[in-house]
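Which chain is which? The protein sequence lines are H and U, in order.
Taking the working numbering, the leading residue of the first sequence gets 983, the next gets one more, and so forth.
Taking the working numbering, the leading residue of the second sequence gets 77, the next gets one more, and so forth.
Glycine is no exception: its CB is placed at the ideal position from the N, C-alpha and C atoms.
Fair warning: this is a prediction, and the values are worked out from it, not measured in the lab.
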Amino acid sequence: MKSTIQDLEKTASQIRRDIVRMVHACQSGHPGGSLGCTDFFTALYFEAMNHDPKFNMDGIGEDLFFLSNGHISPVFYSTLAHAGYFDKAELATFRKLGTRLQGHPTTHEHLPGVRIASGSLGQGLSVAIGAALAKKLNGDKSLVYTLHGDGELQEGQIWEAAMFAPHNKVDNLISTIDVNGQQIDGPTNLVLSLGDLHAKWVAFGWDVLEMKGNDMAEVVKTLELAKSRTGQGKPIMILMHTEMGYGVDFMVGTHKWHGTAPNDEQLKSALAQLEETLGDY
Amino acid sequence: MKKYTYTDKKDTRSGFGAGLLEAGRKNDQVVALCADLIGSLKMNDFIKEFPERFVQVGIAEANMMCIAAGMTIGGKIPFTGTFANFSTGRVYDQIRQSIAYSNKNVKVCASHAGLTLGEDGATHQILEDIGLMKMLPGMTVINPCDYNQTKAATIAIAEHEGPVYLRFGRPVVPIFTDADQKFEIGKAWMVNEGADVSIFATGHLVWEAILAGEKLAEEGIDAEIINIHTIKPLDAEAILKSVAKTGCVVTAEEHNRLGGLGDSIAQLLAVNNPTPQEFVAVNDSFGESGTPEQLMTKYGLDAAHIVLAVKKVIERKNKNA
């Protein structure tokens, strides 16, 4: 391992502080899903992936990551900053006029670490498949990772991609779904039930793993397991069970913090629960 | 009127197929994707020579557009192929977010555009695609006029960095441009120099404009005919130069009059040199089943309608004088 679980947890704590502060500073953005996926991002960028913060769009010889549910940009941006893609002071510009840290990630402002615009849901799996196909054509053995929301699975294009990848043996792809059971209008099982996700992805021909997404040791271990199962003819899907808003008691487990910013008092309460480990931006 | 004759007729989509093969031979980064329409898009020769560089996506155009976007990451130059309707309207958001806004080097290649798709009817006859594509910032929009020009354009866009929409068609039409032409994106082609009216035509309507020009010459009207194969970026210099000379304009295209070439030229002229203009285009309606010839006549897109439009616009010019 590159770092200990304890180190990764410290990094995650700082990223969670950044998320809450960023969203508070511009009074907009999506804290809930960002907090729920922080352990995953930390494990991915500080342990699992082989990547170079001296960013190059083509990423030849590097593992690539695509964020399909672009609204959780705060966790993406903070992770990229701590991984060295850009100065963490720039996190203060999130969602403000002229920023490279747009509300949803984009290549348009040339922010290092972002390879595709996302926000309109359901497109990232197809994009990642394309990048994975290019890697195969280039004889590049490195991997492609994605993250999706569970609500995002209601988009039809996801299932076009789900059908394509096993048929074409895209086995250099590790996708993850943030199964938090929440979406803007309420719990997914009330808005539009996703049914038996494990059975669905198996039926489409994916190698399916599950993990608890707010347990750093388990996330690290599962990503390692997923890597060991690449190159065997099947794309890999990890169903990651998280709690939306994890780490901040009043935000946990409810869709109400999907896209709401905390006020001054709530910020204070949230930061009191999240240790400053690497220095605030 | 300069003489244009032809000895051969072919569909512009075959020009795309031939151009794709040549682009593939010139650059091994060129890859092709298709959504279950290989034969219609004339991709067979490319697939035969470069099977590993072809992706069959199935009937899933949204997936195809985003896979193409992803393949640019790693240096590939993807050409997507399906009908114009499924290349634009069906996948507008995918092109908007993952290709145009993300500035990916994808070539969206669209066959069976417009009314000349014929008997399949309005569900497949898109007449709004030029408008949809030209509204996307950074998108280049090209609508060549015959087999040779389509082939040359296909080769040229492989060498151009950035997203492109290339529009061509189904029917067999005269080949009247040079086989060895160098296609310059954004550079209008002077078909015939004239003094009385500027006819700006694109796609299948260029040949109709030539036929109209011959008819007008017989009646003593000297038409300047310019082929605007690139609708975006528009060759403003060539258009303004011509209009300064002729003082009136007819635009001709196989597209809705809303959002097409005529719109682009009207906007250019409104700002720089307000000029009487007539539009040979579909008048804000859907198409229907029929042969291509029947449809082009019924919807007013043939040489006879260009002649009428020219006479009308010259009359307007003379009234203003």
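From the options, residue whose alpha carbon lies closest to that of residue i
i: D1122/H; options: D1153/H, S1175/H and H1180/H; result: D1153/H
i: L1179/H; options: L1172/H, V1173/H, D1167/H and G1163/H; result: G1163/H
i: C324/U; options: G336/U, D311/U and D298/U; result: D298/U
i: S995/H; options: K984/H, M983/H, C1019/H and G1011/H; result: C1019/H
i: G165/U; options: A138/U, G150/U and G151/U; result: A138/U
i: D254/U; options: N120/U, S340/U, K227/U and K395/U; result: K227/U
i: C110/U; options: I202/U, Q343/U, F122/U and A342/U; result: F122/U
i: V1230/H; options: L1207/H, L1256/H and D1246/H; result: L1256/H
i: Q105/U; options: A234/U, I261/U and A314/U; result: A234/U
i: D112/U; options: E128/U, M372/U and Q132/U; result: Q132/U
i: D1246/H; options: E1134/H, R1003/H and P1148/H; result: R1003/H
i: H1092/H; options: D1000/H, G1112/H and Y1067/H; result: Y1067/H
i: N394/U; options: T322/U, A357/U and E329/U; result: T322/U
i: D1040/H; options: V1096/H, Q1136/H and A1030/H; result: V1096/H
i: G296/U; options: G279/U, H280/U, D272/U and L316/U; result: D272/U
i: D1160/H; options: G1187/H, A1114/H, D1132/H and T986/H; result: D1132/H
Sequence-distant residues of the same chain with beta carbon closer than 7 Å to residue i, five excluded per side
i: A198/U; result: F362, G363 and E364
i: S1124/H; result: N1032, G1043, E1044, D1045 and K1117
i: V182/U; result: A144, A145, T148, P154, T156, I175 and P239
i: K319/U; result: It should be pointed out that residue 319/U corresponds to Val in this sequence rather than to Lys. So the list reads S274, V325, L345, N349 and T351, once near-sequence residues are dropped.
i: E354/U; result: V326, A385, K388 and V389
i: N1120/H; result: I1042
i: I1054/H; result: H1012, G1015, S1016 and C1019
i: Y1263/H; result: D1000, K1070, A1071, L1073 and A1074
Proximal chain U residues relative to residue i, where beta-carbon distance stays under 9 Å
i: R1097/H; result: G146, I149 and S178
i: G1041/H; result: I149 and G150
i: H1090/H; result: Y177, S178 and N179
Cβ neighbours of residue i in the same chain (closer than 6 Å, five flanking residues each side left out)
i: V1184/H; result: V1190
i: T1081/H; result: T1075
i: V282/U; result: C221 and N303
i: T1259/H; result: K992, S995 and Q996
i: A1065/H; result: Y1027 and P1035
i: F1023/H; result: V1057 and T1061
i: Y1127/H; result: F1047 and I1156
i: H381/U; result: V356
Chain-ordered chain H contacts of residue i [CB-CB under 9 Å]
i: K152/U; result: G1112, L1115, A1116, L1119 and N1120
i: S274/U; result: Result: empty, since nearest Cβ-Cβ is about 37 Å, beyond 9 Å.
i: A66/U; result: Since the displayed chain U opens at 77 and closes at 397, residue 66/U lies outside it and no answer follows.
i: A380/U; result: Residues of chain H passing the Cβ test: none, with the nearest at roughly 45 Å.
Residue i: contacting residues in chain H (beta-carbon distance under 7 Å)
i: D169/U; result: S1102
i: V133/U; result: F1146
i: M139/U; result: Strictly speaking, residue 139/U in this sequence is Asn, with Met absent from that position. By Cβ distance, chain H contributes S1108, Q1139, E1142, A1143 and F1146.
i: A228/U; result: By Cβ distance, chain H contributes nothing, its closest Cβ being about 27 Å from A228/U, past 7 Å.
i: A234/U; result: Going along chain H, no residue has its Cβ under 7 Å from A234/U, so there is no contact; the nearest lies around 16 Å.
i: A94/U; result: Going along chain H, no residue has its Cβ under 7 Å from A94/U, so there is no contact; the nearest lies around 23 Å.
Chain-ordered neighbours of residue i on chain U, where CB pairs are closer than 7 Å
i: V1109/H; result: C142, A145, G146 and S174
i: Q1105/H; result: C142, Q170, Q173 and S174
Contacts that residue i makes with chain H (C-beta to C-beta distance below 8 Å)
i: A108/U; result: The contacting residues do not exist; A108/U stays about 12 Å from chain H at best.
i: A186/U; result: Here the premise fails: no neighbours, minimum Cβ distance about 19 Å.
Any non-hydrogen atom of the ligand ADP closer than 7 Å to residue i Cβ
i: M1039/H; result: Looking for the ligand ADP in the displayed structure turns up nothing, as the structure carries no ligands at all.
Own chain, CB closer than 8 Å to residue i, minus 5 neighbours either side, in chain order
i: A1099/H; result: G1052, H1086, P1087, T1088, T1089 and H1090
i: E398/U; result: Because residue 398/U is not part of the residues shown, which for chain U are 77 to 397, the question remains open.
i: G1138/H; result: G1104
i: H200/U; result: F159, N161, H188 and L193
i: S178/U; result: A145
i: V1234/H; result: E1225, M1226, G1227 and Y1228
i: M119/U; result: G93, L96, A108, C110, F130 and G157
Chain-ordered neighbours of residue i on chain U, where CB pairs are closer than 8 Å
i: L1046/H; result: I149
Does the stretch 1213-1226 of chain H come within contact of the stretch 1000-1009 of chain H, defined as at least 3 CB pairs closer than 8 Å?
-> With the rule of 3 Cβ pairs closer than 8 Å, the stretch 1213-1226 of chain H does not count as touching the stretch 1000-1009 of chain H.
Write down every uninterrupted run of the beta strand (DSSP E) in the stretch 217-243 of chain U whose length is 3 residues or greater and which is fully enclosed by it, in chain order.
-> Those beta strand (DSSP E) runs which fall completely within the stretch 217-243 of chain U and span 3+ residues are 240-243.
Stretch pair the stretch 210-222 of chain U + the stretch 234-251 of chain U: three plus CB contacts closer than 8 Å = When Cβ pairs closer than 8 Å are counted between the two stretches, the stretch 210-222 of chain U is seen to touch the stretch 234-251 of chain U, the count reaching three or more.
Three-pair Cβ contact test at 8 Å for the stretch 299-315 of chain U versus the stretch 182-190 of chain U | Too few Cβ pairs lie closer than 8 Å, so no.
Any chance you could list the alpha helix (DSSP H) runs of at least 4 consecutive residues sitting entirely within the stretch 995-1067 of chain H, in chain order?
-> Taken in chain order, the unbroken stretches of alpha helix (DSSP H) that lie wholly in the stretch 995-1067 of chain H and span 4 residues or more are 1013-1018, 1020-1025 and 1055-1064.
May I ask you to verify whether the stretch 135-147 of chain U touches the stretch 171-179 of chain U, counting CB pairs closer than 8 Å and requiring at least 3?
-> Touching, yes, given that three or more Cβ pairs across the two stretches are closer than 8 Å.
Does the pairing of the stretch 1096-1110 of chain H with the stretch 94-104 of chain U give three or more beta-carbon distances under 8 Å?
-> Contact between the stretch 1096-1110 of chain H and the stretch 94-104 of chain U is absent: fewer than three C-beta pairs spanning the two stretches fall below 8 Å.
Pick out the complete beta strand (DSSP E) segments inside the stretch 134-194 of chain U, 3 residues or longer, and give them in chain order.
-> Here the runs fully enclosed are 153-159 and 183-187.
At which residue ranges does the stretch 286-363 of chain U contain complete beta strand (DSSP E) runs of 3 or more residues, listed in the order of the chain?
-> Counting only runs that start and end inside the stretch 286-363 of chain U, the beta strand (DSSP E) elements of at least 3 residues fall at 299-303, 306-308, 325-332 and 353-358.
Per the contact definition of three or more C-beta pairs closer than 8 Å, is the stretch 1228-1248 of chain H in contact with the stretch 1162-1177 of chain H?
-> At 8 Å Cβ cutoff, the stretches touch.
Ignoring anything shorter than 3 residues or poking outside the stretch 251-278 of chain U, list the beta strand (DSSP E) runs there in chain order.
-> List check, beta strand (DSSP E) in window: 265-268 and 273-277.
Would you mind listing the beta strand (DSSP E) stretches within the stretch 106-130 of chain U that are 3+ residues and don't spill past its ends, in chain order?
-> 106-110, all fully within the stretch 106-130 of chain U.
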